[in-house]
Amino acid sequence: MAPRRRGACPAAAVFVAAVVAVGFAAEAADMVQERLTVGMTIVADAASTGAVCLDGSPPAYHLHRGSGAGARSWLLQFEGGGWCNDVRSCTERAGTRRGSTRLMTKVEVFSGILSNRPSMNPDFYNWNRVKLRYCDGGSFSGDSEYKNGVLLSGCSAGGLATFFHCDSLKERLGGATTVKCLSDAGFFLDLTDISGNNNMRKFFSSLVSLQGVQKNLNKDCQNSTDCPYMCFFPQYALPDIRTPYFILNSAYDVYQFHHIFVPPSSDPGGQWSRCKMDPGACSTSQIATLQGLRTAMLTSLKQIEGEPEAGMFVNSCFAHCQSELQDTWFEPDSPMIHDKKIAEVVGDWYFERGAAKEIDCAYPCDSTCHNLIPSDQELRMY
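Mapped onto mature numbering (1 follows the signal peptide of the UniProt record, and there is no 0), the consecutive letters of the sequence shown carry residue numbers -25 to -1, 1 to 357.
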């Protein structure tokens, strides 16, 4: 049977890249409760295998050990933080905390899906929980080995990384280990912006080429497209992922709204500025345009609606990364779909307790949303 095709490869184009700022601060969570802080562990001998950050510093992680019934289970969380796709942007990134463990904070707050409190993280609080620091600018193109039961998760660029490494981790650990994967805000769409341009194709194409990422992309996906870099988009890799996965995403993901669907280049007059900072300030026509972003998201996810091992929570909140923030993961006023919070639906999916596919109604119907809109300064920082 001839391999299915997923579209012709677009013509090459010159593209001046900059570091894409992805990922918002999870450190702002837990302002009232006592916070669990976890120190950094440096993998000092990683250089011998070529596993180093952009500046040559060793990789690092933060580990909080599990206990009791969770002592043999592991949750691995890929940190987010965007990408670099040419020598200039990667060189600049190497001099920041996104490219060097030397410049990173040495202590991280564990909240949301990483919390050790059963009242805040009912299903995974007593697991071994690991935050993998992000410093290569290519959604973790390196390899990692962990043993026993595993939930591989990540936020933003880290969420995108789960699609690349889910099956390979399962293969490494073998059939005796339950491996499942959770992508939070990592479902980056192959999408034209409001002016008709598709800059993410150009960006991802140069990123895959520069970083040598192609060897880590799904082989079956690559065989069914004329452009291997298209498999960097999760919607094209999804049909070929064999390991159970869960997609947590906003249908109006703030990063994709601000930088992919309505990037500054598509709005030189700043007509979308107020709408970006406050959804309530959007005009009727702007809301109608934004429904196109939601439609594109839901259309791309239709392919997993019938997959029994797949789960999803797609709400209509303006947010980006919801599993690391306690407020959105599991609090009395956390966002809900059909009276179920994110933590509850993820737990139902992982432990196979029942249906775990929840899709919200269109904005502005959901009154449980927090609508976490970052400032321009925060976007530049992250």
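The beta carbon of each residue, even a glycine, is placed where N, CA and C say it ideally should be. Every value quoted in this text rests on a predicted model; they were computed, and no experiment measured them.
Asked                                                                                                                : Found
Given A21 as reference, the closest of T76, L164, S64 and G41 once Cα atoms are compared                             : T76
Separation of T259 from C130, as counted between CA atoms                                                            : 31 Å
Best match in L51, F85, G87 and D111 for proximity to R72 [C-alpha to C-alpha]                                       : D111
C-alpha distance - A294 paired with C59, whole-angstrom precision                                                    : 23 Å
Whole runs of the alpha helix (DSSP H) within the stretch 29 to 69, excluding any shorter than 4 residues            : 62 to 69
Spatial neighbours of C344 in its chain, beta-carbon cut-off 6 Å, leaving aside the 5 residues before and after      : C292 and P310
Cα-Cα separation between Y338 and I348, rounded to whole angstroms                                                   : 15 Å
Span separating the alpha-carbon of C340 from that of Q261                                                           : 16 Å
E83: first and last residue of the uninterrupted beta strand (DSSP E) it sits in                                     : V82 to F85
Where T270 falls, given that 16 or more other Cβ within 10 Å makes a residue buried                                  : exposed
Beta-carbon separation (whole angstroms), D288 vs M95, contact threshold 8 Å                                         : Before going on, a small fix: residue 288 reads as Phe here, not Asp. Going by Cβ atoms, the distance from F288 to M95 rounds to 17 Å, so no, they are not a contact pair.
Residues of its chain near G14, where Cβ-Cβ distance is below 6 Å and the 5 sequence neighbours each way are ignored : V82
Simplified DSSP state of S158, which is helix, strand or coil                                                        : strand
Helix, strand or coil at R355 [DSSP, three-state]                                                                    : Note that R355 has pLDDT 42, beneath the 50 cutoff, so the model's placement of it is unreliable and no number is given.
Option in G55, A136, A285 and D308 with minimal Cα separation from V321                                              : A285
C330, buried or exposed, once every other Cβ within 10 Å from all chains shown has been counted against 16           : The sequence given here has Ala at residue 330, not Cys. So A330 ends up on the exposed side.
Cα-Cα separation between L89 and S158, rounded to whole angstroms                                                    : 14 Å
Burial state of S170, where buried means 16 or more other Cβ atoms lie within 10 Å                                   : exposed
Counted within 10 angstroms of its Cβ, other Cβ atoms place H313 as buried (16 or more) or exposed                   : exposed
Collapsed DSSP secondary structure at E319 in the structure displayed                                                : helix
Three-state secondary structure (DSSP) of E120                                                                       : Here E120 scores only 32 on pLDDT, less than 50, and its place in the model should not be relied on; the value that follows carries that caveat. Reduced to three states, the DSSP call for E120 is coil.
beta-carbon D253 near the ligand PLP non-hydrogen atom, thresh 6 Å                                                   : As presented, the structure is devoid of all ligands, the ligand PLP included, so that no description of it is given.
Rounded distance between the beta-carbons of N91 and L11, thought under 8 Å                                          : 5 Å
Buried versus exposed call for N290 [16 or more other C-beta atoms within 10 Å across all chains shown]              : buried
Under the three-state DSSP convention, the category I289 falls into                                                  : One detail in the question is off: residue 289 reads as Val in this sequence, not Ile. Three-state DSSP puts V289 in a strand.
Pairwise C-alpha distance: W324 and G267                                                                             : 28 Å
Same chain, Cβ closer than 6 Å to Y204, neighbours up to 5 away in sequence not counted                              : F179, S180 and V183
Of the residues L50, G56, E327 and G87, the one placed nearest M79, counting alpha carbons only                      : G56
G133, DSSP secondary structure in three states                                                                       : helix
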